[in-house]
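These protein sequence lines map, in sequence, to chains A and B. Each residue of the first sequence is one higher than the last, beginning at 1 in this note's numbering. Each residue of the second sequence is one higher than the last, beginning at 1001 in this note's numbering. Note sheet for the following structure.
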Amino acid sequence: MNCYLCFSPIVPEVNWTNFLLPGIEKKICVTCEEGFERISDECCPMCSRPGKGRCGDCTRWEEMLPGVLDQNHSVLTYNAFAKDFVAKWKYRGDYAAVEALEAAMKEKWKLLNLEDYLAVCVPLSLERGKERGFNQSEALIRMVGKDPAHLFERIHGEKQSKRTRRARMEAENPFSLIKPTNQPVIIVDDIYTTGRTVRHMASLLKENGCPRVRSFTIFR
Amino acid sequence: MLSYFQRKKPQNFSWIPSNPVPHSHLDLAGKLLLQHEIPYSEKDLQMLLSERIITKTESMEQHLFQTCCRRCGNTQAHLFAELPHQTCGKTCVYCRNCIQMGRVLECEPLYIGSANVQWPVYEDPCAWKGTLTPGQQRAADDLTAQVQKGSGEHLVWAVCGAGKTEVLFPAITKALETGKRICLATPRTDVVRELQPRLQKAFPEVDTAALYGDSPDKNGRAPFVIATTHQLFRYAHAFDVLIIDEVDAFPFHNDPTLHFAAKRAAKPDAAIIYLTATPRKEQKRRLRQKSLPVTFIPRRFHGHPLPVPALKLTPMLHRSLNKGQLPAHLLRTIAAQQTTARQLLLFLPSIKKAEEIASFLKEAGYEVKSVHAEDDHRAEKIQSFRNKEYRILVTTTILERGVTFPSVDVYVIDAGHVVFDEAALVQIAGRAGRSADDPDGDVRFYHIGKTDEMLDAVEAVKKMNKLGQKL
């Protein structure tokens, strides 16, 4: 086996557990695993940002758009290693790299018990889809074993990551809802930075009769 | 039996058009590009395709049991992955090995630019007016002959500090005078950055291009390209003369895809020149078989022999290193060394150890800095050491080659570690005594038991000194 990220061979450590029981195959090596940092329980209850209590961002959001997004769950912190990972996976288009995070994602997903939620993916504009070749949000939903629901369409615009915080906040809603739903919804995406994207989607959903909207992102 | 299956298959480049169409688009000459890398609009591209200046080719080769990426030559199954491709609606294979340079997908073609371009002919382009030593001159003559003859390989085995770059000047001059295209490829970005201004100074009239991972110039439309070996992934049958500096260096020596790229980047009748101070097994085997012509330069440009490393047994070394310290007698040696005029270069096996020892020596009251691959201020720290702004530099194998300090002593701590192989140790020993003013230096390998690598390194240095004496 080779590491999914750095391609170096993985030498499995033999201990009593995997000597007696069938071992769980590791996808990434120890060094790469240490690069990612899990978000502990001590984080903002609204958006999973590491730290004590509700964070300033969420307080501001609740003043501006009260009750639009119920909760965001994240698995890992968006540190320098994660930034490199996202650059490789999303921008260079290394689709298979995401399998490195499968174990961590599935674990968190199971913990949240999201069986009756509809897993909604963030759409890409046609141009971006053509350039990238895949939808990262769809890939994540498939990985946790759900079927992605396509409820939205997107108008082509600049990448969020190329915008400043200010520009993001002031940007118009690029999404339009094509299939309203009355089921509770979980929006799956790769990164929660300012929370603008998911709130654009959540506000449309809530306006059209969706009872609960949560979001699930790998990085925060 | 095993060797039968593992032996190298001859590379097949029949997919590159064999009689390229002449044209005048310098930025396409000999390029191998993805669609979005082509600097022309969709309409122009169609026209270039119909004129056969650009030809399309499949990006992946399917063999019986394996796929081969035509851009990087990767055939390892775990370096291919599948992608549910939105554009074509199928599951497509892509190559993960060369994804840093843009994704090569099975369903998207590669574009080959015709290499048949008239490069300018320069008259007497070389402004360097120094003289070569007899050893250098011999190598330079051999290389010039090789460039003139074309098709063939030549190895220059020169000791560290022999002045390899100057040896190339006559051959480069010859190539430029006959309108040939040259590429000087080297595995390391630092070396490209350092070489380009030097070569530009030696050939002031000539258009040169420096290509590396994040170089400002991506086009490389010059007749003289200085590039990292990774950049060769973007070339196919482009160069008449391909010079590979430090063939034995990481990552070139152990990455078959880079060898593939180098072979493809050179024209079928190109002259390929290898430069090294420490040939690896593969080259040594070919030397023994006499299938690779070679020229030795066993003496440094200043004519003095290489300092021979001294092996110092230090049984308690690991115990001290684990505590982040150095043994007492080693500290005394360093103290004595610091009273001399020479600076000190300390090599340690890992980044962590290097930092620990640097802070330990700092506490002991020395002027110390540490440098390693993940250091953002590497270039500045090296420059200030060269300017003698501080006394001791603690480093990893990152500084084993390509850097010159005028007057240093070199100590390798834990020389038995796996990272210090023969090539690394010979290169490290070659850091000492580089200048004509101080042609000697103290090279010590501290170890807890001699390894074959250490003995081979000492042997290699002695052998070169012996050859040098005969001259």
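Even glycine gets a Cβ: it sits at the ideal position worked out from N, Cα and C. Only a predicted model underlies this, so the values are computations on that prediction, with no experimental measurement involved.
Based on Cα-Cα distance, which residue from the options lies nearest to residue i?
i	options	result
E13 (chain A)	A:P211, A:G23, A:A96	A:G23
N1230 (chain B)	B:D1376, B:V1241, B:S1215	The question names Asn, but residue 1230 (chain B) is His in the sequence shown. If we check each option's Cα against that of H1230 (chain B), B:S1215 comes out closest.
D84 (chain A)	A:V185, A:V98, A:H73, A:N15	A:V98
A1477 (chain B)	B:R1300, B:G1468, B:F1347	What the structure shows of chain B is the stretch from 1001 to 1471, and residue 1477 (chain B) is not part of that stretch, so it cannot be assessed.
Q1137 (chain B)	B:S1151, B:G1152, B:F1169	B:F1169
I1448 (chain B)	B:I1053, B:I1357, B:H1417, B:R1052	B:H1417
C1126 (chain B)	B:G1213, B:I1053, B:K1388, B:E1177	B:E1177
T1340 (chain B)	B:A1424, B:S1407, B:R1431, B:T1055	B:S1407
P211 (chain A)	A:M201, A:D189, A:P184	A:P184
Q1011 (chain B)	B:S1024, B:K1263, B:E1123	B:K1263
R1434 (chain B)	B:R1342, B:A1310, B:F1080	B:R1342
C44 (chain A)	A:D70, A:L65, A:G35, A:E34	A:D70
G133 (chain A)	B:I1112, B:Q1148, B:E1108, B:A1277	B:E1108
Is DSSP giving residue i helix, strand or coil here?
i	result
M1060 (chain B)	strand
Q71 (chain A)	strand
N2 (chain A)	strand
T1178 (chain B)	coil
H1023 (chain B)	strand
I1428 (chain B)	helix
F1239 (chain B)	strand
S1151 (chain B)	coil
H1447 (chain B)	strand
V1294 (chain B)	strand
C43 (chain A)	strand
F1233 (chain B)	helix
G1113 (chain B)	strand
A1415 (chain B)	coil
A275 (chain A)	With chain A represented from 1 up to 220, any question about residue 275 (chain A) goes unanswered, as that position is not in the structure.
E1246 (chain B)	coil
L1132 (chain B)	coil
Are residue i and residue j touching if we call contact CB-CB under 8 Å?
i	j	result
I191 (chain A)	V122 (chain A)	no
A104 (chain A)	V75 (chain A)	yes
Y95 (chain A)	F219 (chain A)	no
M46 (chain A)	C58 (chain A)	yes
P1256 (chain B)	S1114 (chain B)	no
T1057 (chain B)	R1070 (chain B)	yes
A1266 (chain B)	L1242 (chain B)	yes
A1424 (chain B)	T1397 (chain B)	yes
I1273 (chain B)	Q1118 (chain B)	no
V1192 (chain B)	I1244 (chain B)	no
R1188 (chain B)	G1402 (chain B)	yes
P1084 (chain B)	T1091 (chain B)	yes
At the 8 Å Cβ level, is residue i part of the contact set with chain A, yes or no?
i	result
I1099 (chain B)	yes
A1210 (chain B)	no
H1085 (chain B)	yes
H1078 (chain B)	yes
A1185 (chain B)	no
A1373 (chain B)	no
R1138 (chain B)	no
R1103 (chain B)	yes
R1444 (chain B)	no
A1261 (chain B)	no
R1474 (chain B)	The shown model of chain B, from 1001 to 1471, leaves out residue 1474 (chain B), and the question about it has no answer.
R1096 (chain B)	yes
A1081 (chain B)	yes
Do we get a CB-CB distance below 8 Å when we pair residue i with the residues of chain B?
i	result
D94 (chain A)	yes
K83 (chain A)	no
G133 (chain A)	yes
G129 (chain A)	yes
F152 (chain A)	no
L7 (chain A)	Inspection of the sequence shows that residue 7 (chain A) is occupied by Phe rather than by Leu. Output row for F7 (chain A): interface = yes.
N2 (chain A)	yes
Taking 7 Å as the line, does the beta carbon of residue i fall inside it for any heavy atom of the ligand FMN?
i	result
R1070 (chain B)	Looking at this structure, you won't find the ligand FMN or any other ligand, since it has none at all.
Under 8 Å between C-beta atoms, does residue i make it to chain D?
i	result
A1354 (chain B)	Here chain D cannot be found, since the structure's protein chains are A and B.
Just checking, does the stretch 1305-1321 of chain B make contact with the stretch 1171-1185 of chain B on the three C-beta pairs under 8 Å criterion?
-> Not touching, per the Cβ criterion.
Evaluate contact between the stretch 1020-1037 of chain B and the stretch 1092-1105 of chain B, counting only Cβ atoms and requiring at least three cross-stretch pairs below 8 Å.
-> Verdict: yes, contact present.
Answer yes if the stretch 121-141 of chain A comes into contact with the stretch 153-162 of chain A, meaning at least three C-beta pairs across the two stretches below 8 Å, and no otherwise.
-> The stretch 153-162 of chain A vs the stretch 121-141 of chain A: in contact.
So does the stretch 192-207 of chain A actually touch the stretch 158-174 of chain A, counting three or more Cβ pairs closer than 8 Å?
-> Yes: at least three Cβ pairs fall under 8 Å.
Could you tell me whether the stretch 1279-1292 of chain B touches the stretch 1450-1464 of chain B, where touching means 3 or more Cβ pairs closer than 8 Å?
-> Too few Cβ pairs lie closer than 8 Å, so no.
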